[in-house]
Amino acid sequence: MFIEQIQPLIAQHGYWAVFLIVLLESAGVPLPGETVLLLAAGYAGATGELDVVWIVAAAAAGAILGDNVGYWVGRKFGAGLLQRYGKFIHLPPDRLLLGQYLFEKHGGKIVFFGRFVAFLRVLAALLAGVNQYAWGRFLFFNATGGLVWATIMGTGAYLFGDAMHRVSGPLGLIALGVVVAAAVAAIVLVRREEKRMAQQVAAERAPQAQEA
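Per the numbering used here, the sequence shown runs over residues 887 to 1098.
In structure tokens:
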């Protein structure tokens, strides 16, 4: 789903588009939930046609409910589901192995901070269920992480949209270019670090697999 397709959804359906897309992404469907949140909040700041408070609330609610769906799917169907169908939701074996390793080491931290990392947004809730992580603890870290994520991302995008609305001409274009360049650089760095960690985990687990 490209930005050109998302923007009309936001303009036509507003908060419901944010809620449903974030919910589906959080439940394991590979949709651009964070992108929808950022575009909706930026749209609110630039046009004033949407209320950023309701955008943040819709995103947080979608994140919390979607993650709980993912948690119970993982708890009921187990690791076999991820191993068999992970490739269809952008979770190839190396990403799945990395996610399992991180969850074993950090547990609740992954549930909370995973909301800010693309592949962990889809994986963290499923892994919590697969590992039989206590639902009460999961719900606490999941709810607080969803609220913090929606508030930070939504507020930041809203302020940027508002600033772009106030600043016109070359200065506005320069600001937009800087933000886009920073976002691209962040994505490249995150993916590079993810690849490095996946290779490291695979190398550490290889001797264990041979012994077993």
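Virtual Cβ for every residue (Gly too), placed ideally from N, Cα, C.
For Tyr-901, the enclosing alpha helix (DSSP H) covers residues 901-912. One thing to note: Val-997 has its Cβ no nearer than 9 Å to the Cβ of Asn-954. It is roughly 25 Å from the alpha-carbon of Gly-1047 to the alpha-carbon of Arg-1007. In the DSSP annotation of this structure, Asn-1017 is not part of any alpha helix (DSSP H), being labelled neither H nor E. Exclusion of the five residues before and after Gly-928 leaves Ala-1043, Tyr-1044, Phe-1046, Gly-1047 and Met-1050 as the residues of its chain whose Cβ lies within less than 8 Å of its Cβ. Taking all protein chains in view, the Cβ of Glu-935 is surrounded by fewer than 16 other Cβ atoms within 10 Å, so the residue is classified as exposed.
With a cut-off of 8 Å on Cβ pairs, the region 931-945 is in contact with the region 898-906, counting three or more such pairs.
Just so you know, the alpha carbons of Thr-1041 and Glu-920 end up roughly 13 Å apart. Within the same chain, Met-1039 and Ala-1043 come within 7 Å of Leu-924 by CB-CB distance, once the 5 residues on both sides are set aside. By the CB criterion at 9 Å, Ala-947 and Phe-905 fall inside the cutoff. Taking C-beta atoms as the reference points, Ala-943 and Val-908 fail to come closer than 9 Å.
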